[in-house]
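Asks:
Number of protein chains: 2
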Amino acid sequence: MSRAFNFSAGPAGLPEAVLQQAQEELLEWQGERASVMEISHRGKAFIACAEQAEHDLRKLLDVPPDYAVLFLQGGATQHFAQIPMNLAAPGQAADYLLTGSWSLKALSEAGPYVDAQSIASSEGDGFVDIPDAQAWSVRADAAYLHYTPNETIHGVAYDYVPEAGAVPLVADYSSSILSAPLDVRRFGLIYAGAQKNIGPSGLLLMIIRRDLLERTGQARARIFQYAAHAKEGSMLNTPPTFAWYLAGLVFKWLKQQGGLSAIARINAEKAELLYRTIDESAGFYRNPVAKRARSVMNVPFTLHDPELDVAFLEQSKAAGLLALKGHKLVGGMRASLYNAMPLAGVKALTEFMTEFARRHG
Amino acid sequence: MSRAFNFSAGPAGLPEAVLQQAQEELLEWQGERASVMEISHRGKAFIACAEQAEHDLRKLLDVPPDYAVLFLQGGATQHFAQIPMNLAAPGQAADYLLTGSWSLKALSEAGPYVDAQSIASSEGDGFVDIPDAQAWSVRADAAYLHYTPNETIHGVAYDYVPEAGAVPLVADYSSSILSAPLDVRRFGLIYAGAQKNIGPSGLLLMIIRRDLLERTGQARARIFQYAAHAKEGSMLNTPPTFAWYLAGLVFKWLKQQGGLSAIARINAEKAELLYRTIDESAGFYRNPVAKRARSVMNVPFTLHDPELDVAFLEQSKAAGLLALKGHKLVGGMRASLYNAMPLAGVKALTEFMTEFARRHG
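Line by line, the protein sequences give chains A and B. Residue 299 in the numbering used here sits at position 185 of the first sequence; the count goes up by one each step and never skips. Residue 360 in the numbering used here sits at position 246 of the second sequence; the count goes up by one each step and never skips.
(1) Taking the alpha-carbon positions, what's the B:Leu327 to A:Gln370 distance?
(2) Taking the alpha helix (DSSP H) that B:Ala361 belongs to, which residues open and close that run?
(3) If you draw a straight line from the alpha carbon of A:Leu320 to that of A:Phe185, how long is it in whole angstroms?
(4) What are the boundary residues of the beta strand (DSSP E) that A:Leu186 is part of?
(5) Quick one: grab the DSSP three-state call for B:Thr416.
(6) For A:Gln309, which beta-bridge partners are listed by DSSP?
(7) Note down the Cα distance separating B:Leu436 from B:Ala126, rounded to an integer number of angstroms.
(8) Identify the residues that DSSP records as bridge partners of B:Asn264: which are they?
(9) Sort A:Ala342, A:Thr330, A:Ile304 by Cα distance to A:Ile499 and report the nearest one.
(10) Within the 8 angstroms Cβ cut-off, does A:Gln429 reach chain B?
(11) Do you know offhand how far B:Ala361's Cα is from A:Glu168's?
(12) Which runs of the beta strand (DSSP E), 3 residues or longer, sit entirely within the segment 317 to 347 of chain B?
(13) How big is the Cα-Cα spacing for A:Leu212 and A:Tyr272?
(14) Give a yes or no on whether the minimum CB-CB distance between A:Arg147 and chain B is below 8 angstroms.
(15) Can you tell me whether A:Ser236 is buried or exposed? The criterion is at least 16 other CB atoms within 10 Å of its CB, across all chains shown.
(16) Applying the 10 Å Cβ sphere with the 16-neighbour rule, what's the burial state of B:Thr330?
(17) Going by beta-carbon coordinates alone, are A:Asn412 and A:Ser450 separated by less than 8 angstroms?
(18) Tell me which same chain residues have a C-beta within less than 8 angstroms of the C-beta of A:Val403, skipping the five on either side of it?
(19) Three or more C-beta pairs closer than 8 angstroms, one from the segment 287 to 294 of chain B and one from the segment 375 to 386 of chain B: is that the case here?
(20) Since B:Val183 and B:Leu201 should fall inside the 8 angstroms C-beta cutoff, what is the C-beta to C-beta distance between them, to a whole number of angstroms?
(21) Going by DSSP in three states, A:Leu435 sits in which element: helix, strand or coil?
(22) Who are the neighbours of B:Arg334 on chain A, taking C-beta pairs under 7 angstroms?
(23) Please report whether the beta-carbon of A:Glu142 lies at a distance below 8 angstroms from any beta-carbon of chain B.
(24) Please list, in chain order, the chain B residues whose beta carbon lies closer than 9 angstroms to that of A:Thr191.
(25) State yes or no: is the C-beta of B:Ala164 within less than 8 angstroms of the C-beta of B:Gln144?
(26) Where do the N-terminal and C-terminal ends of the beta strand (DSSP E) with A:Gln231 fall, by residue?
(27) How many angstroms separate the CA atom of B:Glu152 from the CA atom of A:Ser222?
(28) Are the CB atoms of B:Gly446 and B:Thr468 nearer to each other than 8 angstroms?
(29) At a CB distance below 7 angstroms, what residues from the segment 371 to 396 of chain B approach chain A? Give them in sequence order.
(30) In chain B, which residues lie with their C-beta within 7 angstroms of the C-beta of A:Asn120?
(31) Quick check on A:Arg473: buried or exposed, where buried means 16 or more other Cβ atoms within 10 Å of its Cβ?
(32) Starting from B:Arg448 and walking both ways along the alpha helix (DSSP H), at which residues does that stretch end?
(33) Compare the Cα-Cα distances from A:Ile481 to each of A:Leu141, A:Leu175, A:Pro282 and report the closest residue.
(34) Below 8 angstroms between beta carbons: does that hold for A:Lys366 and A:Met455?
(35) Are any of the Cβ atoms in chain B nearer than 8 angstroms to that of A:Thr355?
(36) What's the gap between the Cα of A:Arg299 and the Cα of A:Val177?
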């Protein structure tokens, strides 16, 4: 056997070069005579590794100095709750744009802490579009506006950055961070679980405008205070060091690919090829999302006859195309095309799809 | 260069056989054609891996069926805060035994959630002993009694299990779990950061009596509810899959060593050898802890002349004895002797110490 093209939505495939380097140095890292996962997070060697990762990330995303970069735990879900604790007074207004399962979950987890309200939602049409930029307005006393630039399950993505005036914009970028350049200055807080475009699961990346660290927020333990994490360089407690190290290798790999503009071009080409294959299949395959809102990262699609699903999954797996089963909420198939997926993988997938349609059409 | 004897307090050394297996299968795990860190946590292959880890842990610790085993994130520090949220009503009494930095921190992080009080403390004598079992009593209305069986920084360990009657006993076992058998039935809740005796940092293991999952606790998001994690098999959100997998390999390795009784014998021999070397050094080395309270896992010691510290650290490192610098709070040296440290490592350390004392005495 050998490694195959992995379309998993997350934990997702990592760049093979990153895994190879990690493998080579797994028992002895640099001159440490130990694994990177066996050394103190407070020692010089790991601190240098951690700082280099932050430095490379800042370069990649052009993060301004008035933003802190944090490496945390708990996944996006924990921070659905922790963000209101930090940014809002108890019961304060907090506004949400709903475009799929993940923004719904963000709203739900915020419930115990704020007056969390949906100010626009595409739930009525089954989450196949984004709200128009003119169709909603933010409450003036809102602590923040939260949205999900890319919905991993529904395959829906914004083609604009919401404008919230003086209200800070908070974005769960878990499934599209680092897939293309973004203007960090438009945001108050960006956060992302690592397990799609950054590294292994168990690490959460946060980019937060420093003035937001000054907010009083709600009574909470120090471990839940972003300001305390920022002050301690994300080492308020023992961080997930191996995941942080791997994220650093991914950042270096991205720089070697030419940075985010270069990877964005490849990502656009991958998505364009797959959507074209779907759209030109004469109805054999179908993606329900409005064209302006189609995700470049996650492409859900159905087969015209669901009885073919099992054959499609068996044969695609045999052809070295892994993890194409769709999320149970939407059914059918899903191909996730994160940065680590090469164009060759999408070519192999679309050739398989065309041939499968020919045989079963 | 080659791997050396690593006395790090945490993240700590892992069994070399575990790292070798992880290295071999890092790019292709089982028949998955992908790394274990690149596959869905909800797929059959990872679920089987996760369940096997829990099964092996239950065997090792003889965990009764009325206890749930959880694999969580956030480190012990987060759970210093999350445990009161789950086990106590807002402002309810919660009692703490203080024997070092970690129990102090547990008390402090609980502050926003409960009436957390110290009912016995060895702080007055500099944390070099444990409270007598008869010297304290638990408040009848306490939600729980919290203690720290082994203090990583001060090298202090209990030689008894506190008796709290009907009040559930909560133990932060981060630095001594799996180092010897323990009677789970004596505890309401056991928790441990993985990075000493379990696996890499970023994973937290919890063993909780199921009736405690029924407690209402405090208003909080679902992600902070242990009952929700238990219901979802620790997959309420994406768990740190690679750390979970590695923990499973460590559990298997422990079984191969003969289980906890066997490893406890080796641990006792390691500690006995090091303490004897210290005690028989005619004052060249000194450990300040009362003999009944000496930790088998973490052995802090000072040199009679602190001006020798730099030479000791340089020469020990050159001799392949890593990470012996003591914690800044207590100074001097510290040797952590977790399960992965072989007796040969402690022999090498004590021979080095005896020779160093001879040359500098």
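Just so it is clear, CB atoms sit at the ideal spot from N, CA and C, and this is done for glycine as well.
Replies: Inspection of the coordinates gives the following:
(1) 49 angstroms
(2) 355 to 370
(3) Per the sequence shown, the amino acid found at residue 320 of chain A is Met instead of Leu. About 7 angstroms.
(4) 181 to 186
(5) strand
(6) A:Gln309 is not bridged to any residue.
(7) 11 angstroms
(8) B:Ala271
(9) No information on residue 499 of chain A is available, as it lies outside the stretch 115 to 475 that chain A covers here.
(10) no
(11) 28 angstroms
(12) 318 to 323
(13) 11 angstroms
(14) yes
(15) buried
(16) exposed
(17) yes
(18) Val242, Asp243, His268, Gly269, Val270, Ser409, Pro414
(19) yes
(20) Wrong, their Cβ atoms sit about 17 angstroms apart, outside the cutoff.
(21) strand
(22) Pro226
(23) yes
(24) Ala335, Arg336, Ile337, Leu350, Asn351, Thr352
(25) no
(26) 229 to 235
(27) 28 angstroms
(28) no
(29) none
(30) Ala148, Glu152
(31) exposed
(32) Run containing B:Arg448: none in the alpha helix (DSSP H); it sits in the beta strand (DSSP E), 447 to 450.
(33) Only positions 115 to 475 of chain A appear in this structure, which leaves residue 481 of chain A out of reach.
(34) no
(35) yes
(36) 8 angstroms
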